[in-house]
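These protein sequence lines are chains A and B, in that order. All residue numbers for the first sequence refer to full-length UniProt numbering, where the first residue is 1 and numbers rise by one. All residue numbers for the second sequence refer to full-length UniProt numbering, where the first residue is 1 and numbers rise by one.
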Amino acid sequence: MLFSVLIYGSEDFYDALSPEEHQEILKKHGAFHERTKSDRTFAAATKLMSTGTAVTVNRDSSDFVVTDGPFAETKEQFMGFYLIDTANLEDAIEAVKELPFDNGRVEIRPVAYFEGADFQNAERLVIDAS
Amino acid sequence: MPSAWLSTHLRAARPRVLAALNRAFGDIDLAEDAFQEASLKAVRIWQPHDLPKDPVAWLIVTGRNSAIDALRKRRRETLSAPEDLEPAHEENNPEEDLTEALDRSVYRDDILRLLFTCCHPVLRRDQQIALALKVVAGLTVEEIARAFLVQPKTMEQRITRAKKRLQAARLSYEEPDAAERADRLSTVANAIYLVFNEGYSASQGTALIKEPLCEEAIRLARLLVRLFPEIPELRGLLALCLIQHSRRIARLTADGQAVTLELQDRSLWDRKLVAEGTVLLEAALRRAKPGHLQIEAAIAATHARAATYDQTDWQEIERLYRALQHIRPSPVVALNHTVVLAKLHGPEFALERLDGLQSSLERYAGYFAVKGSLLTDLARTQDAYDALKRAFDLAGTDAERLHIEQKLQKLSKGA
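Now the structure itself:
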């Protein structure tokens, strides 16, 4: 079975880190990558860019509305995410309009780091679990 | 001495806590002392695995209580304070009752008020920068003095004078309304850009780049973008800083000499910063409210897109300079525009444009450096030499002088 591991944290805190402290944190992630790859539990790793890069797409009656920034409040819960590969933000906004918007919104935030795409292995993991 | 872990937490909380304390007391000095007291208390009480639920709220309440104590002492009598100035709690979980004070919109206005106070127009630019670095970013007077190459005592005086000036101006601490907010934010954005520029191309002294100043400016810009995502010019500011900063390693040789854009090794540019800056800019431009920082970021992004100097889209950059000159005309922008025109239409065309600028840029080394290199391209060696000599005499930094000196040497070798 595939599990998502979602990381929440304070951006103010991360911005205040010194390069050495940053390196310390990355080292722990590196160890996690290595361990999960060696025991074949690794599927993908994704780091998003800062929330300042985010836009939110909403549907207002019949029209799509794009607002700046991530959700201001977290009354909604994080429910899952897609990775799409488009040329720019405009194309990404166009693409997500296909998704159901009746009970929610979609935040678009560019990926700063991605590793994975071992989709065969991921599929096998899903099949194994069922 | 607090651990690195703890000081990082305090550093991260600082702008918000100080902003809230400044709102409560309307006194930057008192707010700074109160933050200091609260930090000392945190160093004693906080444990790495037992942090307050909301460190920012904890520091605000603790700082507020300590400021009230200080006020009492100062007046040598019990302060007949309004209800809301009474210490909220003595110990334990003081943050619980503070949900209202931590409301996002209050945060936004607190920070804005603090930044605007530091960037108030009654202050000179150097005072604005020094105060913002001291108060908001939390750099020590020694650190700021080192960055500006003055004695700590001189910097201390500069900051004290700035604070006195603010008091003398009897600033009102009224809530900024929405229209005024946009105005104030553009002042603040410009001040942060000045901090970045002071780090990116130091106006005086030996060091060409002062990285910590660039990093502080980027940190402040990030904070503002998070608080005011709907204001495109702030994203423009952050985009501009990130894209410029991406070149920091390529801009200097190992022995500290400047490398021009043309000769920079583009594989040394930090692609992550370029990518983030480009996305921020794209999001900003969607609002169709261009400001000079967005346009400058677009120019930087166009350079960043080119795989080599020869592949630079000069047409696009020329269009952007025209827009910039329209929104925010200045002789220096006109000078940069001329450099781009030389790429498109040749040195002769550019030189003609340049003549019109001489009277306003008579004391500007950059003007004569550009003139010198255009004249070099036209093989007017003696005129080129004179212009470069003039640029050398006007240059402010050692690195700039060295750079011009090399051009002069090349010229006399070629002749």
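The beta carbon of each residue, even a glycine, is placed where N, CA and C say it ideally should be.
> With a CB to CB cut of under 7 Å and the five nearest residues on each side skipped, what residues in its chain are close to ALA298/B?
Replying inline: LEU281, LEU320
> Would you call PRO19/A buried or exposed, if buried means 16 or more other Cβ atoms sit within 10 Å of its Cβ?
Replying inline: exposed
>> Taking its Cβ as the centre, do 16 or more other Cβ atoms sit within 10 Å of THR160/B, making it buried, or is it exposed?
In response: exposed
>> Given this structure, state the Cα-to-Cα distance separating THR8/B from LYS134/B, to the nearest angstrom.
In response: 17 Å
> Looking at the C-beta of GLU352/B, does it have a partner C-beta in chain A at a distance below 8 Å?
Replying inline: Using a Cβ-Cβ cut-off of 8 Å, GLU352/B does not count as an interface residue toward chain A, since no Cβ of chain A sits closer than that to its own.
> How many Å lie between GLU180/B and THR187/B at the Cα?
Replying inline: 11 Å
> Looking at the structure shown, is PRO87/B part of a helix, part of a strand, or coil, going by DSSP?
Replying inline: Interpretation of PRO87/B is limited by its pLDDT of 49, a score under 50 that renders its predicted location unreliable; no figure is taken from the coordinates.
> residue 417/B to ILE129/B, Cα distance in whole Å?
Replying inline: Within the shown structure, residues of chain B are numbered from 1 to 415, placing residue 417/B beyond reach of any answer.
> Whole alpha helix (DSSP H) runs in the stretch 249-288 of chain B with 4 or more residues, listed along the chain?
Replying inline: 271-285
>> Quick test of your reading: VAL136/B and PRO55/B, contact by CB under 8 Å. State the CB separation rounded to the nearest angstrom.
In response: That belief does not hold up - the Cβ atoms of VAL136/B and PRO55/B are roughly 18 Å apart, past 8 Å.
> Helix, strand or coil for SER105/B per DSSP?
Replying inline: helix
> Using the rule of at least 16 other Cβ atoms within 10 Å of the residue's Cβ for burial, across every protein chain shown, is GLU405/B buried or exposed?
Replying inline: exposed
> Who are the Cβ neighbours of VAL141/B in its own chain at under 8 Å, not counting the five residues just before and after it?
Replying inline: LYS134, PRO152, MET155, GLU156, ILE159
> According to DSSP, what are the bridge partners of ALA45/A?
Replying inline: Beta-bridge pairing links ALA45/A to GLU115/A.
>> Let me make sure I understand the geometry here. Which of ALA250/B, ARG222/B, PRO329/B has the alpha-carbon closest to that of LEU237/B?
In response: ARG222/B
> Any idea which residues DSSP pairs GLU107/A with across the strands?
Replying inline: THR56/A
> Exposed or buried, PHE196/B, counting other C-beta atoms within 10 Å across all chains shown (16 or more means buried)?
Replying inline: buried
> In chain B, what lies closer than 7 Å to LEU17/A by C-beta?
Replying inline: THR8
> At what residues does the beta strand (DSSP E) containing THR67/A begin and finish?
Replying inline: 63-68
> Taking the DSSP output, what are the residues bridged to GLN47/B?
Replying inline: Note: GLN47/B sits in a beta bridge opposite ASP50/B.
> Nearest to CYS119/B by alpha carbon, out of ALA162/B, TYR107/B, GLU143/B, HIS245/B?
Replying inline: ALA162/B
> Going by the beta-carbon positions, is the gap between ARG165/B and PHE116/B smaller than 8 Å?
Replying inline: No; because the gap between Cβ atoms is not below 8 Å, this pair is not in contact.
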